[in-house]
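Asks: The sequence shown begins at 0 in numbering that gives the first Met the number 0 and counts up by one.
For glycine and all other residues, C-beta sits at the position ideal for the given N, C-alpha and C.
Note that the structure is predicted; figures quoted are calculated from it, not measured.
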Amino acid sequence: MMAPQLYTHAFNISPVENRRLCINGTPWIWHLLEECVENAWEYWSVVIGLISIVCFLFAALPQLYVAYQNGKVDQALSLGFLLCWIGGDLTNFIGCYLTNQLPVQIVTAIFYVNMDIIVISQFAYYKLKNQKTKCSINLKNFCVTWVLMCITLCVILPSQLLLRHQDQSTVLETSKNTLGMMEMSGFICGYVSCMFYLGSRFPQLYKNFQRRSTEGTSYLLFALAMMGNCTYGLSVVLKMPAAESLRNLYFLHHLPWLIGSFGVLFLDIFMTAQFIMYRKQNKRRPSLVALEVEPLLVNEEDS
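1) Would the region 234-252 and the region 272-281 be scored as touching if the rule is three or more Cβ pairs under 8 Å?
2) Of the choices Ala224, Thr144 and Leu233, whose alpha-carbon is the least far from that of Leu82?
3) Taking C-alpha atoms, which residue in Cys54, Asn129 and Tyr96 lies nearest to Met180?
4) What's the call for Leu126, buried or exposed, on a 16-neighbour Cβ count within 10 Å?
5) Please report the distance separating the alpha-carbon of Thr216 from that of Val72.
6) Within the same chain, show all residues whose beta-carbon is closer than 7 Å to that of Leu257, passing over the 5 residues directly before and after it, in chain order.
7) Tell me whether Met239 sits in a helix, a strand or coil according to DSSP, three-state version.
8) In the region 21-109, which residue ranges form an unbroken alpha helix (DSSP H) of at least 4 residues, counting only runs that do not cross its ends?
9) Tyr196: buried (16+ other C-beta within 10 angstroms of its C-beta) or exposed?
10) In whole angstroms, give me the CA-to-CA distance for Tyr249 and Asn281.
11) If you reduce the DSSP assignment to three classes, tell me which class Ser120 lands in.
12) According to the Cβ coordinates, are Lys238 and Trp40 closer than 9 Å?
13) From Lys206 to Asn23, what does the alpha carbon distance come to, in whole angstroms?
14) Exposed or buried, which one is Arg200 when buried takes at least 16 other CB atoms within 10 Å?
15) Using a Cβ-Cβ cut-off of 6 Å (strictly less than) and excluding sequence neighbours within five positions of Gln203, which residues of its own chain qualify?
16) Measuring straight from C-alpha to C-alpha, what distance separates Glu303 and Thr98?
17) Just how far apart, CA to CA, sit Leu89 and Ala108?
18) Tell me the DSSP secondary structure of Arg211 in three-state form.
19) Select from Ala224, Gly48 and Val112 the residue whose C-alpha is nearest the C-alpha of Leu264.
20) Would Asn91 pass as a contact of Gly227 if the rule is Cβ separation under 9 Å?
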């Protein structure tokens, strides 16, 4: 999942200053997202960005349902895929905060992390349920990693909520001295998040290749992720500043998330190819078995 960072303060304009500058903006977008939209390109950028968020919010639901139906999620999904997924969403959340993103982005990032917890919890449940022997070393390592991530999450979220309630003047005074460091840390988290998202697909591609099957995995998970990444990239491109002097700064500001979104979109094309290829193979196998069994039955009748 590539969590979108759509409505960034690209040039570090504070909400108070932005409120004064946004005179001819679209009212519903300003009240909902505190985003100043004054032309058609920016308007459609926001609308497509909202579509992207919806795609990401519901991406995990089909996989949860498929896993509930067959109970083989531990055999179908790669543990590396899930760990990279939550790692990407956690670093994305930290990057959102450090780069001074809007509240809607913080809430969305928290929702992503919560959905990751649900998916991984389901994975752990079926892993333990289907385990016939005692816990293996791999499962123990997984449990240790899981506990560490939960502790980290419990520390980050309350801290973030407390900081959001600080007095605005205090935040502005502090930001004058620490803005450069926070921005740099935020972009580092953005690139780390990008690497997590890109790296998440390789374990799953390899696991599908090993099994020669995608059974137990919902294609809608990856289809919605592809749609989300595509609409996210388009929303960022549509909001490109008209002034050439500002385009490079805008591009650099969004670069880690653009690399992550389009990179994951490219890798999900290979995931789609696996779904098509292995589905065709699975359809051929029953017909081949029928052809092999039918002559045997005929010979037995003749004898």
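Replies: In brief:
1) no
2) Out of Ala224, Thr144 and Leu233, Thr144 has the C-alpha closest to the C-alpha of Leu82.
3) Tyr96
4) Note that residue 126 is Lys in the sequence shown, not Leu. Label assigned to Lys126: buried.
5) 7 Å
6) Gly232 and Val235
7) coil
8) 26-32, 39-57, 59-69, 72-75 and 78-97
9) buried
10) 47 Å
11) helix
12) yes
13) If I take the Cα positions, the gap works out to 52 Å.
14) Arg200 is buried by the Cβ-count criterion.
15) Ser77 and Phe80
16) With the chain covering 0 to 302 only, the question about residue 303 has no answer from this structure.
17) 8 Å
18) coil
19) Ala224
20) No, the Cβ-Cβ distance between Asn91 and Gly227 is not below 9 Å.
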